[in-house]
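Remarks on the structure that follows.
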Amino acid sequence: MPRIAITVDGIAYEEEVEPRLLLVHLLRDRLGKTGTPIGCDTSNCGACTVLLDGKSVKSCSVLAVQADGSAITTIEGLAANGTLHPMQRAFHEEHALQCGYCTPGMVMAAIDMLRDDPEPSEESIRHGLEGNLCRCTGYCNIVRAVRRGAQDMAVKTP
Ligand code: FES
Ligand code: FES
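Under full-length UniProt numbering, the letters of the sequence shown match residues 1 to 158, in that order.
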């Protein structure tokens, strides 16, 4: 079996993986990163979104072997020393979730979106999150949260 080296939330791992193993299963079943949920079996919902070398990917559509040599950030790696990432805090304070199933993927996708567009309009946010589905909220509070998170991140990283 192929052996891969991967860093997840700042911790280095070496794992033997079957070539067909999906990254999301490596994260959840081997490494215990159950904060990254699986919401579909069609690569549609975006719940499983993580950052792969800083870029958001649906971890159910990436093979673990494709992530060899990469650094992965999951929702569990965002908070630092018990302090929520500004985007996590914004989702909490803007009540941008109900069941919460979509939230990890939404937060990760939003953070990636801000790399190219640090001050997104409502339209850009809706467009940027098109690959992430929410069955509960109607999206309004999610859009508000992303705008607030963007503002807070801009303050933190001028
Ligand atoms: S679980 Fe990956 S897109 Fe739905
Ligand atoms: S909060 Fe339930 S799916 Fe988004």
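Backbone N, C-alpha and C define an ideal beta-carbon position, used for all residues, glycine too.
Note that the structure is predicted; figures quoted are calculated from it, not measured.
For residue i, the first and last residue of its enclosing beta strand (DSSP E)
i   : result
T73 : A71 to T73
S56 : K55 to K58
A12 : I11 to E16
V50 : T49 to L52
A5  : R3 to V8
Cα-Cα separation between residue i and residue j, rounded to whole angstroms
i    : j    : result
C60  : G69  : 18 Å
A67  : G77  : 17 Å
A145 : G128 : 14 Å
S124 : L21  : 34 Å
L52  : G35  : 16 Å
P158 : P120 : Residue placement at P158 cannot be trusted, given a pLDDT of 46 that sits under 50; the coordinates are not used to answer.
G46  : R126 : 14 Å
T7   : A110 : 22 Å
R135 : M1   : 39 Å
K55  : A12  : 19 Å
R28  : P118 : 30 Å
Nearest to residue i (by Cα), restricted to the options the options
i    : options                 : result
I17  : I11, H25 and G10        : With the sequence shown as reference, residue 17 is identified as Val, and Ile is not the correct amino acid for it. The shortest C-alpha separation from V17 is found at H25.
I106 : P19, L23 and T137       : In the sequence under discussion, the amino acid at residue 106 is Met, which differs from the Ile named in the question. Answer by Cα proximity: T137.
Q151 : R115, R135 and E130     : R115
H85  : I38, M108 and M113      : M108
C48  : P37, A90, T42 and D41   : P37
N44  : R135, G131, N141 and I6 : G131
Y139 : D112, E14, G149 and A96 : A96
Where the alpha helix (DSSP H) containing residue i begins and where it ends
i    : result
T36  : Segment: none, T36 is in no alpha helix (DSSP H) and carries neither H nor E.
P19  : First-last for P19: undefined, no H or E at that position.
R89  : P86 to E93
V107 : T103 to D116
R28  : No alpha helix (DSSP H) holds R28; DSSP gives it neither H nor E.
S124 : E122 to G128
Chain D contact for residue i (CB, 8 Å cutoff)
i   : result
I38 : Going by chain labels, chain D is absent from the structure shown, which holds only one protein chain.
Task: By C-beta, the residues closer than 6 Å to any heavy atom of ligand 1, given in chain order - done: Those residues are I38, G39, C40, S43, N44, C45, G46, A47, C48, K58 and C60, given in chain order.
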